[in-house]
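2 protein chains.
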Amino acid sequence: MLIVQKFGGSSVADVKRIKNVAGIIAETFLEGNDVMVVLSAQGDTTDDLLAKAAELNQNPSKRELDMLLTTGEQQSIALMAICLESMGLPVVSLTAWQIGLGTNAEYGSARIRRIDTERLRRELDKKRIVLVAGFQGVNKFGDYTTLGRGGSDTTAVALAAALHADRCQIFTDVEGVYTADPRKVPGALKLGEITYDEMMELASMGAQVLMNRSVQLAKRYGVELEVLSSLVRAPGTKVKEVVKRMEEMKITGIAKDENVARVTVLEVPDKPGSAFRILNAVSRAGINIDMIIQANGRGGANDISFVVAQSDAEAVEKALRGVQSAIGFAEVGLDKSIARISVVGAAMMSSVGIASLVFEALNDEHINIQMINTSEIKISIVIDAAYADRAVAAIHRKFFEN
Amino acid sequence: MLIVQKFGGSSVADVKRIKNVAGIIAETFLEGNDVMVVLSAQGDTTDDLLAKAAELNQNPSKRELDMLLTTGEQQSIALMAICLESMGLPVVSLTAWQIGLGTNAEYGSARIRRIDTERLRRELDKKRIVLVAGFQGVNKFGDYTTLGRGGSDTTAVALAAALHADRCQIFTDVEGVYTADPRKVPGALKLGEITYDEMMELASMGAQVLMNRSVQLAKRYGVELEVLSSLVRAPGTKVKEVVKRMEEMKITGIAKDENVARVTVLEVPDKPGSAFRILNAVSRAGINIDMIIQANGRGGANDISFVVAQSDAEAVEKALRGVQSAIGFAEVGLDKSIARISVVGAAMMSSVGIASLVFEALNDEHINIQMINTSEIKISIVIDAAYADRAVAAIHRKFFEN
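Heads up: the sequence lines are chains X and Y, in that order.
Residues in the first sequence are numbered from 1 upward in steps of one, following this note's numbering.
Residues in the second sequence are numbered from 1001 upward in steps of one, following this note's numbering.
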């Protein structure tokens, strides 16, 4: 069996943790499997390197940042190889250029285009544990690129797809995917299985377990993922296309995202194209928006609200001020003290009354709903950030703790 | 003019020093030159990485150590590029695999075989400052190698040779090559020029300015070197084939090496091949020896003495114990409290009385000479380490301070 394992930065942060991870790898290998391992940079390495760069230049090129950052993962694979060697195991570490991991040209957030599996196969045929530096690639100019946030997960999924691995295990510091954040909701349940679509909705809504891109890639190539803990030996959560689940489980999970802001554009003239021009101005600035709501405002004009990442809020405001006189709206308002709660479940479309259960839970707690958005597998609501944890707990009780 | 500049680890140890070096590079570039720069890892980076590895494995493979260590130089070039970008200068950093710097397969002490100049030329043609990671190469297996101690100097000389550079400047923390260590001998003089051969003798005898290998390579390809300080703007020392020098300068420099040990093999049977078998046992253990002396000992047997690096002393002893009964010598003795003083000068062969001046200087100080060795451009003597600094000062006075 060919197993791809990925360990994040906190799992290899120090000597003790490297040894712990080496134990997991060794066990998998000694059970007779072919093992390929993707590692992230140790602990705070990436942040430390970024801080060093910032001391020299507030606005460095992404090409040189990638040249700098890729050293972190290279150090991790070398150190892990050195640790596995001390256990008498055959091992080889490989960087992106050594395995021909080609990406597009976009430094800092490159997309994987191809993997040359020849060297990887050769090393596996020699019965070596193969350690691959995550997060990095090489573009057509022969330069290092990095894959952006959660890039090492993407590396692992891409390798699993390219080599038709039997398993792809994503080790992290939580034991799996839960119905809600277990640090905040004591009654949160670990899910045995979750669909790709559910995972993506949860991921993009603030559940930090797996980045969206890697789940997307896994879905496209049918790579079954398992999310599990590097510290606790227990089965994790499987992420796959179709899951078996008890009928009564109406939703899969509840996620909270507080890093959002609501943008409200007031008194937009009720003319064809006004809304389009507003949203276009924002998207031209490279900003993703969500939960667009248009409401009738005063005197034949409309108010348009939407949600953006909090870090984009000022950029949105600037982009809108730039088109204010041309479009003729009255004002732009920003509210950063909001939270978006998302209730996710593949069974949602076939079950009735889920939305009303969510509203009932919030009503019980006297929490006011500011915005609502629904899709086939998700209900998102925006509320005052101060009530976010209470809202998640209330919804969780309503669905899971009766 | 194409200028290759190399800066060592202490020259780029922190933000302030990186900025200082960036200033030197910028100045050279803005004078209208094509500039290629070779950098070492920052300050103690390499030692820190080795310490990390040692925590995981006392005896890691050299392949994985090289994978680990090459990250240090990559970080240096990325940070320097980021610094130069902040000054608005066009710059690109490149690792060994990007410039096809091919070496033999020997991890940890690889030798350069070829450099693919295509990418380098292309970047220079774009009028970019090209930063190259020193110390590293890639072998025929497609793996990182490192060039061993002083490897970045070698990278710089190899690049200068491959691209027919007009100048190769080795920046370091001293202002050039001196007639003796200026920290120990206040009257030491900075040399304007020195021959490759003299430099090699001084380098191998403990003057840490330039490693022997890089000087050898420079001599072979006729690359004229300049050793100068990254902290003090002043002309340094040129290293070349033939130098102009005042007639009265009989010697070029005096070097001291305290990291040596004397090995004495007592009562070696006076049979053909005994000496050969002893030296062969040592060289089979991969150890370099120097200053071999055979003296008549007691009862038809001989004593054989030679000098090795102090770090090799125990390995020598072990190798000799292994052949002791076969060869039939009485005992092996080790003395680590010695120093080797070398007096170097290309004019030595054409000047008489230099050796006697050296002996006179030591005699004046009542310093006992344990071993003597002479070559065409060098006199080496072994003395008690306790008198090493006094000996160097005395010889220096005799030749330079009259």
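Just so it is clear, CB atoms sit at the ideal spot from N, CA and C, and this is done for glycine as well.
The structure presented is a predicted model; accordingly, all values stated were derived computationally and were not measured.
Check the Cβ of N1057(Y) against every Cβ in chain X and list those closer than 8 angstroms, keeping chain order.
-> In the second sequence, the residue the question calls residue 1057(Y) occupies position 57. Here the neighbours are I82, C83, E85, S86.
When the Cα of I1293(Y) is compared with those of I1287(Y), R1284(Y), A1285(Y), D1303(Y), which residue comes out closest?
-> Here residue 1293(Y) corresponds to residue number 293 of the second sequence, with the count starting at 1. Looking at the Cα atoms, D1303(Y) is the closest of the given residues.
Taking Cβ-Cβ distances shorter than 9 angstroms, what residues in chain Y pair up with P90(X)?
-> If you number the first sequence from 1, residue 90(X) lands on position 90. The premise fails here: P90(X) is roughly 10 angstroms from chain Y at the closest Cβ pair, so nothing lies under 9 angstroms.
Closer than 9 angstroms to chain Y by CB, R397(X) = Indexing the first sequence from 1 puts residue 397(X) at position 397. Chain Y, which has no Cβ nearer than 9 angstroms to the Cβ of R397(X), makes this no.
Taking the DSSP output, what are the residues bridged to L1266(Y)?
-> In the second sequence, residue 1266(Y) corresponds to position 266, counting from 1. DSSP lists E1331(Y) as partners of L1266(Y).
Cβ of V132(X) within 9 angstroms of Cβ of L124(X)?
-> Here residue 132(X) corresponds to residue number 132 of the first sequence, with the count starting at 1. Here residue 124(X) corresponds to residue number 124 of the first sequence, with the count starting at 1. Result no, Cβ atoms of V132(X) and L124(X) do not sit closer than 9 angstroms.
Just how far apart, CA to CA, sit E1376(Y) and V1316(Y)?
-> The sequence position of residue 1376(Y) within the second sequence is 376, counting from 1. The sequence position of residue 1316(Y) within the second sequence is 316, counting from 1. Using only the alpha carbons, I get a separation of about 28 angstroms.
Neighbour-count burial assignment, V1177(Y), 16 or more Cβ in a 10 Å radius = The residue given as residue 1177(Y) occupies position 177 in the second sequence. Under this definition V1177(Y) is a buried residue.
Just tell me which of E193(X), L320(X), A388(X) has its CA closest to the CA of N280(X).
-> The residue you call residue 280(X) lines up with position 280 of the first sequence. Here the closest residue by C-alpha is L320(X).
Determine the closest residue to I338(X) out of N104(X), I369(X), T252(X), with distance taken between C-alpha atoms.
-> Residue 338(X) sits at position 338 when you count from the first residue of the first sequence. Closest option to I338(X), Cα to Cα, is I369(X).
Should M1067(Y) be flagged as near chain X, meaning a C-beta pair shorter than 9 angstroms?
-> Within the second sequence, the letter at position 67 stands for residue 1067(Y). Yes, M1067(Y) lies at the interface with chain X (some Cβ there is under 9 angstroms from its Cβ).
With C-beta atoms as the reference, is R397(X) less than 9 angstroms away from G187(X)?
-> Looking up residue 397(X) in the first sequence gives position 397. Looking up residue 187(X) in the first sequence gives position 187. Yes, the pair counts as a contact, with Cβ atoms nearer than the cut-off.
Along the stretch 36 to 51 of chain X, what residues have a CB closer than 8 angstroms to any CB found in chain Y?
-> L49
Output, in sequence order along the chain, the residues in the stretch 10 to 39 of chain X whose CB is closer than 8 angstroms to any CB in chain Y.
-> V15, I18, K19
Please name the residue in I1287(Y), T1117(Y), P1235(Y) whose C-alpha comes closest to that of V1307(Y).
-> As a working note, residue 1307(Y) is residue 307 in the second sequence. With distances taken between Cα atoms, V1307(Y) lies closest to I1287(Y).
For I1112(Y) and chain X, any beta-carbon pair shorter than 9 angstroms?
-> Taking the second sequence and counting its residues from 1, the one referred to as residue 1112(Y) is at position 112. For I1112(Y), the answer is no, since every Cβ of chain X falls outside 9 angstroms of its Cβ.
Is the Cβ-Cβ distance between A1313(Y) and A1394(Y) less than 9 angstroms?
-> Taking the first residue of the second sequence as position 1, residue 1313(Y) is located at position 313. Taking the first residue of the second sequence as position 1, residue 1394(Y) is located at position 394. Not a contact, by the Cβ cut-off of 9 angstroms.
E224(X) beta carbon near the ligand ZN (any heavy atom closer than 8 angstroms) | Looking for the ligand ZN in the displayed structure turns up nothing, as the structure carries no ligands at all.
Between V1239(Y) and the rest of its own chain, which residues show a CB-CB distance below 8 angstroms, the 5 nearest in sequence each way excluded?
-> Working through the second sequence from its first residue, we reach residue 1239(Y) at position 239. Contacts found: V1177, E1193, I1194, T1195, Y1196, M1199, L1210, V1215, A1218, E1224, L1225, E1226, V1227.
Out of L1266(Y), A1053(Y), A1156(Y), state which residue places its alpha-carbon closest to the alpha-carbon of L1002(Y).
-> Stepping through the second sequence from its first residue, residue 1002(Y) is reached at position 2. It is A1156(Y).
Just mark Q1074(Y) as buried or exposed, buried being the case when its beta carbon has 16 or more other beta carbons within 10 Å.
-> Residue numbering aside, residue 1074(Y) sits at position 74 when the second sequence is read from its first letter. That one is buried.
The alpha helix (DSSP H) enclosing Q1074(Y), as first and last residue numbers = Against the second sequence, residue 1074(Y) aligns to sequence position 74. Run containing Q1074(Y): 1062 to 1086, per the alpha helix (DSSP H) assignment.
Collapsed DSSP secondary structure at G8(X) in the structure displayed = Within the first sequence, the letter at position 8 stands for residue 8(X). It is coil, neither helix nor strand.
Would you mind telling me which residues of chain X sit closer than 8 angstroms to T1117(Y), beta carbon to beta carbon, in chain order?
-> Residue mapping note: residue 1117(Y) aligns to position 117 of the second sequence, counting from 1. Those within 8 angstroms of T1117(Y) in chain X number zero; the least Cβ separation is about 14 angstroms.
Three or more beta-carbon pairs under 8 angstroms between the stretch 1133 to 1143 of chain Y and the stretch 1062 to 1080 of chain Y, yes or no?
-> yes
Please state whether DSSP places F135(X) in a helix, a strand or coil.
-> On the first sequence, residue 135(X) is found 135 positions in, with the first residue counted as 1. Three-state result, F135(X): coil.
Which two residues bound the contiguous alpha helix (DSSP H) that contains K127(X)?
-> Taking the first sequence and counting its residues from 1, the one referred to as residue 127(X) is at position 127. Note, K127(X): premise wrong, no alpha helix (DSSP H); not H, not E.
Rounded Cβ spacing between Q310(X) and N259(X) (contact assumed at less than 8 angstroms) | The residue you call residue 310(X) lines up with position 310 of the first sequence. The residue you call residue 259(X) lines up with position 259 of the first sequence. Indeed, because the Cβ distance is near 5 angstroms, the residues count as touching under 8 angstroms.
Determine the closest residue to R1403(Y) out of I1372(Y), I1254(Y), V1268(Y), S1229(Y), with distance taken between C-alpha atoms.
-> Nothing about residue 1403(Y) can be read from this structure; chain Y reaches only from 1001 to 1402.
Is there contact between the stretch 1103 to 1116 of chain Y and the stretch 1057 to 1065 of chain Y, where contact requires at least three CB pairs shorter than 8 angstroms?
-> yes
Reference I115(X); option with closest CA among A275(X), A158(X), L84(X) = Reading the first sequence from its first residue, position 115 is the one you call residue 115(X). Comparing Cα positions, the closest option is A158(X).
Quick one: what's got a C-beta closer than 7 angstroms to S1010(Y)'s C-beta in the same chain, skipping five residues either side?
-> Taking the second sequence and counting its residues from 1, one reaches residue 1010(Y) at position 10. The answer, listed in chain order, is G1043, D1173.
Within the stretch 324 to 400 of chain X, note down every full alpha helix (DSSP H) run reaching 4 residues or more, in order along the chain.
-> 354 to 364, 388 to 400
Which of helix, strand or coil DSSP assigns to N1296(Y) | Counting from 1 along the second sequence, the entry for residue 1296(Y) is found at position 296. Strand.
With which residues is G1253(Y) paired in a DSSP beta bridge?
-> Against the second sequence, residue 1253(Y) aligns to sequence position 253. Paired residues: V1344(Y).
Taking S342(X) as the reference, give the member of D66(X), L84(X), I381(X), G333(X) with the closest Cα.
-> The residue labelled residue 342(X) in the question sits at position 342 within the first sequence. Taking only the C-alpha atoms, the option nearest S342(X) is I381(X).
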